[in-house]
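K.L.:
First the structure, which I've put down as structure tokens, then a few questions once you've had a look.
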Amino acid sequence: AEIVRKVQARYDETRDFTADVTQEMTIASLGKTVTAHGTIAFKKPGKLRLELKDDEPQTVVADGTTLWLYQPKEQQVMKAPFDAAFRSTTPISFLTGVGRISDDFDVQLDGGTATSGTAAGSPSPAELLLILTPRRAASDVGQLRLTVARDTFDIRGAEVHDPLGNISRLRFDRIHRNSGVPDDQFVFHVPPGVDVISAPIGQ
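Each position in the sequence shown, counted from 1, maps to that position plus 839 in this note's numbering.
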């Protein structure tokens, strides 16, 4: 309970942050893992920009009202209402400042390590690994594992397991807190010639 309180307090004090990010997506149905590198920026309330490069570049932007997912290779943008994409009961909601750990999750301190060789990485002696399980059962909500710095209680990594067996891992490096990220970082401009697809409500 004390660790959760300190993690929440640290996050409550964080108005914005930027970081280098490594993302791994393990797709259960295909039995493969895809790795990408890029940058991430958060700003409260509910603003996010994730830029991934490598083989499958994509841009994810949330402005607090709308979520945009742009995949240049597909020449399309997926558009969804922010509230539908980031409900307070979904694991990513904590990272966007919508949810609260103690209200929305049951938390355990994992004495083991994260999967070896992953983007989340095996926690070092200077890190803690927390397992967050949503309290309200829902078919689209999975388990969240957070890697937290022991000294500052900054979130250094996140690992999300969905009910289909897919795993999404993020690792944050070179974190900069409260640097005054400008709002225009979270404005998405649809590129010319790109199709915009509205996601069905509930997805």
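A virtual CB, placed ideally from N, CA and C, is assigned to each residue, including glycine.
(1) Are the beta-carbon atoms of arginine 854 and lysine 883 separated by less than 8 Å?
(2) In three-state terms, what does DSSP make of proline 941?
(3) So what does valine 1101 bridge to, in DSSP terms?
(4) Given a threshold of 16 other Cβ atoms within 10 Å of its Cβ, counted over all protein chains shown, does leucine 889 qualify as buried or as exposed?
(5) Helix, strand or coil: which one does DSSP assign to glycine 956?
(6) So glutamate 895 is in the beta strand (DSSP E); what residue range does that whole segment cover?
(7) DSSP on valine 860, reduced to helix/strand/coil?
(8) Looking at the strands, I want to know which residues DSSP matches up with arginine 975.
(9) What separation, rounded to the nearest whole angstrom, lies between the Cα atoms of glycine 996 and arginine 1008?
(10) Report all residues from its chain with a CB closer than 8 Å to the CB of isoleucine 940; omit the five preceding and five following residues, and keep chain order.
(11) Arginine 984: buried (16+ other C-beta within 10 angstroms of its C-beta) or exposed?
(12) Which value, in whole angstroms, describes the spacing of the CA atoms of lysine 886 and phenylalanine 992?
(13) Distance check for proline 1031 and asparagine 1017, CA to CA, integer angstroms please.
(14) Taking the beta strand (DSSP E) that lysine 882 belongs to, which residues open and close that run?
(15) Which word fits aspartate 990, buried or exposed, when buried means at least 16 other C-beta atoms lie within 10 angstroms of its C-beta?
(16) Less than 6 Å between C-beta atoms, sequence neighbours within five positions excluded: which residues of the same chain meet that for aspartate 1034?
(17) Use the C-beta contact count for aspartate 859: other C-beta atoms within 10 angstroms, 16 or more gives buried, fewer gives exposed.
(18) What number of angstroms, rounded off, separates the C-alpha of leucine 835 from the C-alpha of leucine 969?
(19) Sorted by chain position, which residues of the same chain lie with C-beta nearer than 7 Å to alanine 867's C-beta, five sequence neighbours on each side aside?
(20) Identify the continuous beta strand (DSSP E) that holds alanine 997 and give its terminal residues.
(21) Sort Phe1027, Ser1037 and Asp922 by Cα distance to threonine 898 and report the nearest one.
P.N.:
Concretely, from the data shown:
(1) Taking the C-beta atoms as reference points, lysine 883 is found nearer than 8 Å to arginine 854.
(2) Residue identity differs from the one stated: residue 941 is serine in this sequence, not proline. Helix.
(3) Nothing in the structure corresponds to residue 1101, since the chain is present only between 840 and 1042.
(4) buried
(5) For glycine 956, the pLDDT reaches just 36, beneath the cut-off of 50, and the residue's location in the model is therefore unreliable, although a value from the coordinates is still provided. Note: glycine 956 maps to coil in three-state DSSP.
(6) Where glutamate 895 is concerned, there is no enclosing beta strand (DSSP E), given that its DSSP letter is neither H nor E.
(7) strand
(8) Arginine 975 is not bridged to any residue.
(9) 7 Å
(10) Val843, Val846, Gln847, Phe933, Val946 and Leu971
(11) So arginine 984 counts as buried.
(12) 21 Å
(13) 34 Å
(14) 871-882
(15) exposed
(16) Gln915
(17) Taking a 10 Å sphere around the C-beta of aspartate 859, we find fewer than 16 other C-beta atoms and assign the residue as exposed.
(18) Since the displayed the chain opens at 840 and closes at 1042, residue 835 lies outside it and no answer follows.
(19) Leu1003, Gly1004 and Asn1005
(20) 994-1000
(21) Per the Cα distances, Phe1027.
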